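See structure below.
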Amino acid sequence: MKVKVSHKWDIDKNQAEEIQNKLKDKIIINPISKEIKTICGIDSDYKEEKIQTCAVICNFPDIEVIEILKIEGKTKFPYIPGFLAFREGENIIKLIEKIEKDIDCFIFDGHGIAHPKKFGIASHIGVLIEKPTIGCAKSLLFGNYSKPPSFPLSSTFIKDNEGEIIGHVLRNYKGGLIFISPGNLIDLKDTLSITIKCMREEYPIPYPLYLAHKNSKFSN
DNA sequence: GCGACAG
DNA sequence: ATCTTGTCGC
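This is the structure in structure tokens:
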């Protein structure tokens, strides 16, 4: 995809915080300008000190699988809420650098700007690769919301402590909730509409992300 | 100080 | 995320 990223990953929490503070201002929240023809879901699995990351590339808006890529690496950073990008980021970037096709939008397992520093993993990776990214998590990390109505694909806002909208809560076809927010180079409206176009009745999260989740597993 | 806390 | 059976709820 012609992406080459330089980023220091062998760091401690203090350095990670510095990097977040330095990169967070590079986020651009705007509607997607280009027509979306490809979308890629990315998720990781862990086993002991190892991490495996999977990318599932689909066409859009049909959401048919075009390609599946995987890469294995070592975890060098612990899981700390708010710092997920430093645990998964290196492996994710290595994998994205292997993708030859041009990807118009990425969906990550985690948050975008619905984050204490407005800089979750989807925003972090999005700033590094300069592509539209969406964060899609199964639980809330930061912000406030009220439950969406009980019908499929209903949604409400996630707001920060000042009342600013930072994401959406979306009800899937099974009645469960997912928490989505812009990562980079996308706005709230496009985040919601694109995510909804990736939903399938049989799966609780956007289909490309579901497949990435399944295919990233070490066992099974 | 207390509680909350993506994966 | 992972350890794990039955069980509560729509």
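Numbering-wise (the numbering used here), the first sequence opens with residue 841 and increments by one. The C-beta atom is built at its ideal place from N, Cα and C for all residues, glycine as well. Source: prediction; values computed, not measured.
DSSP places E937 in the helix class (H, G or I) of the three-state scheme. Judged by beta-carbon spacing, H951 lies beyond the 8 angstroms limit of G929, meaning their Cβ atoms are not closer than that value. Residues of the same chain with a CB within less than 7 angstroms of the CB of P1046, apart from the 5 flanking positions on each side, are G881, I947, C976, T1035, C1038, M1039 in chain order. In the three-state DSSP reduction, N984 falls in the strand class (E or B). For Y1050, no beta strand (DSSP E) encloses it; the enclosing alpha helix (DSSP H) starts and ends at 1047-1056. Secondary structure in the segment 917-965: the beta strand (DSSP E) runs of 3 residues or longer, each lying completely within the stretch, are 945-949 in chain order.
When secondary structure is reduced to three states using DSSP, L909 falls in the strand class. Here the alpha carbons of I936 and I897 stand approximately 11 angstroms from one another. Cβ neighbours of I868 within its own chain (closer than 7 angstroms, five residues either side excluded): N1024, L1025.
According to the DSSP assignment, I867 belongs to no alpha helix (DSSP H), since it is labelled neither H nor E. For the pair F1019 and L980, the CB atoms are nearer than the 8 angstroms cut-off. An exposed status is given to K853, since fewer than 16 other beta-carbon atoms sit within 10 Å of its beta-carbon. Between the segment 953-968 and the segment 1004-1021, the count of C-beta pairs closer than 8 angstroms reaches three or more; the two stretches touch.
Judged by DSSP secondary structure, K1037 falls within the alpha helix (DSSP H) whose first and last residues are 1028-1037. Here DSSP, grouped into helix, strand and coil, assigns N854 to helix. Rounded to whole angstroms, the separation of the alpha carbons of Y1043 and K844 is 33 angstroms.
Beyond the five residues adjoining it in sequence on each side, F997 comes within less than 7 angstroms, by CB distance, of Y985, I1005, H1008 in the same chain, given in chain order.
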